[in-house]
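In our numbering, the protein residues as written are 340 to 419.
Given below as structure tokens:
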């Protein structure tokens with residue numbers, strides 16, 4: 340999955356294993372935006388599957404992630 344916050348030129352690339360990486364100006368940044376690999380069960384249809392930015396992300400910095408946790412349950416969590 341790839342997402343971009345409103346009014347931002349960065350791309351956020353969701354990796355099934357549990358990281359979100361940033362691409363800026365065509366370059367992959369070394370530091371992940373988010374790393375929850377220790378909390379994600381990956382494989383097949385499981386893993387970190389999506390993210391969404393709050394419409395007010397520019398001011399409140401909130402975003403949401405959708406993933407399969409280590410118990411095999413679906414989780415949706417908000418981060419700031």
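Just so you know, even glycine gets a beta-carbon here, dropped at the ideal spot from N, CA and C. Please read all numbers here as calculations on a predicted model, not as lab measurements.
Residue 359 is classed as buried because its beta carbon has at least 16 other beta carbons within 10 Å across all chains shown. DSSP, read as helix, strand or coil, puts residue 378 in helix. CA-CA distance, residue 350 to residue 372, rounds to 11 angstroms. Under the 10 Å beta carbon count, residue 344 is surrounded by 16 or more other beta carbons and is classified as buried.
Bounds of the beta strand (DSSP E) holding residue 407 are 402-407.
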